[in-house]
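First to last, the protein sequences are chains W and H. The numbers in my numbering rise by one with no breaks, and the one at position 98 of the first sequence is 489. The numbers in my numbering rise by one with no breaks, and the one at position 111 of the second sequence is 502. One structure is given below, encoded as structure tokens.
There are 2 protein chains.
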Amino acid sequence: MSKLRFNITMTLDAYVAGPSQSVENPLGEGADHLHDWAVKLKTFREMHGDGGGGETGTNDDVLREAVENIGATIMGRNMFGGGPGPWREQPWKGWWGDNPPFHTPVFVLTHYAREPLVMQGGTTFTFVTDGIESALEQAREAAGGKDVALGGGASIAQQYMAEGLIDEMEIHIVPFLLGSGARLFDNLQDSELRLESVRTIGTPSVTHVKYRIAK
Amino acid sequence: MSKLRFNITMTLDAYVAGPSQSVENPLGEGADHLHDWAVKLKTFREMHGDGGGGETGTNDDVLREAVENIGATIMGRNMFGGGPGPWREQPWKGWWGDNPPFHTPVFVLTHYAREPLVMQGGTTFTFVTDGIESALEQAREAAGGKDVALGGGASIAQQYMAEGLIDEMEIHIVPFLLGSGARLFDNLQDSELRLESVRTIGTPSVTHVKYRIAK
Chain W
392 MSKLRFNITM TLDAYVAGPS QSVENPLGEG ADHLHDWAVK LKTFREMHGD
442 GGGGETGTND DVLREAVENI GATIMGRNMF GGGPGPWREQ PWKGWWGDNP
492 PFHTPVFVLT HYAREPLVMQ GGTTFTFVTD GIESALEQAR EAAGGKDVAL
542 GGGASIAQQY MAEGLIDEME IHIVPFLLGS GARLFDNLQD SELRLESVRT
592 IGTPSVTHVK YRIAK
Chain H
392 MSKLRFNITM TLDAYVAGPS QSVENPLGEG ADHLHDWAVK LKTFREMHGD
442 GGGGETGTND DVLREAVENI GATIMGRNMF GGGPGPWREQ PWKGWWGDNP
492 PFHTPVFVLT HYAREPLVMQ GGTTFTFVTD GIESALEQAR EAAGGKDVAL
542 GGGASIAQQY MAEGLIDEME IHIVPFLLGS GARLFDNLQD SELRLESVRT
592 IGTPSVTHVK YRIAK
């Protein structure tokens with residue numbers, strides 16, 4: 392059965408976005424450099440259609456492995472963007488332009504129903520209003536035997552973690568501080584979540600730790 | 392010149408102690424298992440005079456390296472214990488009994504003056520009231536060419552991090568959550584602290600990441 396795999400970049404003080412996220416500042420204040428480790432990599436540039444070039448090496452290998460064998464993606468409304476609440480008249484189509492970097496069916500968890508959106512390059516957005524297990528089921532079916540990627544944000548990840556639905560999570564820990572913002576592990580005090588590390592790869596600018604949820 | 396080295400165990404959600412620290416519950420609520428990775432190790436048992444035995448292997452190697460070549464230790468008042476405020480009539484002598492596991496001169500940062508305490512096994516407690524740089528200077532002198540260990544807690548570590556005084560810090564990241572309590576990286580928003588990882592060692596129960604402060 393296809394695995395649900397979660398990848399996210401987190402600061403050493405456990406934030407995945409800064410405070411005051413907005414359309415102008417999607418990752419929040421102070422988070423401009425959060426994904427520096429990834430944006431210059433060859434695999435990142437390929438996903439985003441940024442032409443050739445980009446760094447290769449350990450970090451690129453990790454990123455490439457994270458995006459390989461993915462048949463579908465799940466994300467939360469906040470990651471999809473456009474602000475909370477009902478969809479507006481000219482509804483938001485995501486941050487990524489006409490050819491988003493997913494190139495798979497993407498299932499967006501939201502309280503507000505909406506017709507599916509077909510984008511260029513193989514990305515489709517389907518809006519799921521009946522919860523995380525429904526989104527996972529639809530994503531697995533769409534993935535056609537490949538794995539499902541959980542994109543984020545923190546709130547969606549917490550829900551999947553709390554239910555023990557994540558098969559594999561890799562946290563890319565960057566060695567600086569945000570101080571406030573979206574904490575990856577909020578709302579999990581009662582979950583007794585325990586993880587077990589299955590692989591660790593260290594580089595000067597980012598530490599990649601892959602975990603599974605301990606039984 | 393002797394290095395100031397900082398070692399601490401931190402949960403994945405960036406806490407080094409739970410809430411409501413007290414004499415009965417020195418590490419705070421929910422933190423009983425925080426140091427599990429270390430307490431069963433051969434080196435830990437030796438430091439604490441727990442007799443022979445104890446696990447060897449990767450984690451033990453890391454712990455042994457952390458305590459090797461240490462000539463003096465610095466800690467904060469909260470780590471030394473006994474509650475805040477002026478020393479009482481029968482003043483607190485630390486958590487560790489008559490033969491504490493430091494076996495070096497220990498410099499305790501406090502606002503309240505007190506005569507030095509000589510314990511068994513080579514540990515002496517000297518109470519420093521004139522700040523972190525004074526404590527560091529005295530510790531370096533006492534260390535006799537060996538390194539100085541910074542013991543904690545979070546508050547003291549933040550002060551040394553903010554001033555860029557730590558040469559090497561190794562964080563032992565344990566894969567569970569405390570949810571609240573003492574955050575290692577509090578009070579550092581304005582410091583623009585950036586670290587660079589110099590070594591990473593992964594095991595299932597703990598990830599050891601050694602950093603230096605980036606220039």
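We put the CB at the ideal spot given by N, CA and C, even for glycine.
Residue i versus the options, residue with shortest Cα-Cα distance
i, options, result
"residue 408 of chain H", "H/556, H/589, H/543 and H/450", "H/543"
"residue 517 of chain W", "W/393, W/466, W/583 and W/539", "W/466"
"residue 417 of chain W", "W/432, W/573, W/531 and W/448", "W/573"
"residue 468 of chain W", "W/449, W/581 and W/522", "W/522"
"residue 546 of chain W", "W/575, W/519 and W/526", "W/575"
"residue 480 of chain H", "H/457, H/505 and H/464", "H/505"
"residue 394 of chain W", "W/551, W/405, W/431 and W/449", "W/551"
"residue 405 of chain W", "W/437, W/569 and W/515", "W/569"
"residue 396 of chain H", "H/438, H/458, H/515 and H/451", "H/458"
"residue 549 of chain H", "H/520, H/438, H/604 and H/515", "H/604"
Cut-off 7 Å between Cβ atoms - residues of its own chain near residue i, not counting five sequence neighbours on either side
i, result
"residue 489 of chain H", "510 and 511"
"residue 513 of chain W", "494 and 495"
"residue 449 of chain H", "592 and 594"
"residue 438 of chain W", "458 and 492"
Residue i, DSSP secondary structure in three states
i, result
"residue 559 of chain H", "strand"
"residue 433 of chain H", "helix"
"residue 574 of chain W", "strand"
"residue 602 of chain H", "strand"
"residue 503 of chain H", "coil"
"residue 446 of chain H", "strand"
"residue 512 of chain W", "helix"
"residue 489 of chain W", "coil"
"residue 413 of chain W", "coil"
"residue 456 of chain H", "helix"
"residue 393 of chain W", "coil"
"residue 527 of chain W", "helix"
"residue 583 of chain W", "coil"
"residue 534 of chain H", "helix"
"residue 363 of chain H", "Coverage of chain H is limited to positions 392 through 606, which leaves residue 363 of chain H absent and any answer about it impossible."
"residue 422 of chain W", "coil"
"residue 463 of chain W", "strand"
"residue 405 of chain H", "coil"
Spatial distance of residue i from residue j (CA atoms)
i, j, result
"residue 429 of chain H", "residue 460 of chain H", "19 Å"
"residue 475 of chain H", "residue 413 of chain H", "11 Å"
"residue 586 of chain H", "residue 601 of chain W", "21 Å"
"residue 440 of chain W", "residue 492 of chain W", "8 Å"
"residue 571 of chain W", "residue 443 of chain H", "45 Å"
"residue 435 of chain H", "residue 392 of chain W", "43 Å"
"residue 462 of chain H", "residue 445 of chain W", "46 Å"
"residue 599 of chain W", "residue 478 of chain H", "45 Å"
"residue 433 of chain W", "residue 487 of chain W", "18 Å"
"residue 482 of chain W", "residue 567 of chain W", "36 Å"
"residue 507 of chain H", "residue 453 of chain H", "31 Å"
"residue 531 of chain W", "residue 577 of chain H", "40 Å"
"residue 541 of chain H", "residue 427 of chain H", "20 Å"
"residue 410 of chain H", "residue 525 of chain W", "37 Å"
"residue 456 of chain W", "residue 464 of chain W", "15 Å"
"residue 431 of chain W", "residue 606 of chain H", "22 Å"
"residue 503 of chain W", "residue 580 of chain H", "37 Å"
"residue 520 of chain H", "residue 451 of chain W", "50 Å"
"residue 584 of chain H", "residue 515 of chain H", "33 Å"
Sequence-distant residues of the same chain with beta carbon closer than 6 Å to residue i, five excluded per side
i, result
"residue 471 of chain H", "485 and 499"
"residue 582 of chain W", "553"
"residue 529 of chain W", "498"
"residue 415 of chain W", "none"
"residue 473 of chain H", "483"
Sequence-distant residues of the same chain with beta carbon closer than 8 Å to residue i, five excluded per side
i, result
"residue 539 of chain W", "393, 394, 395, 396, 461, 462, 463, 464, 465, 527, 530 and 531"
"residue 447 of chain W", "432 and 433"
Heavy atom of the ligand GTP within 7 Å of residue i beta-carbon
i, result
"residue 596 of chain H", "Of ligands this structure carries none, so the ligand GTP is not represented either."
Q) How about the stretch 561-572 of chain W and the stretch 395-413 of chain W: do they share at least three Cβ pairs that are nearer than 8 Å? A) yes
Q | Three or more C-beta pairs below 8 Å linking the stretch 490-502 of chain W and the stretch 405-423 of chain W | A | no
**Q.** the stretch 590-603 of chain W touching the stretch 586-594 of chain H, judged by at least three CB pairs closer than 8 Å
**A.** yes
(Q) Quick check: the stretch 535-551 of chain H against the stretch 538-557 of chain W, are at least 3 beta-carbon pairs closer than 8 Å? (A) no
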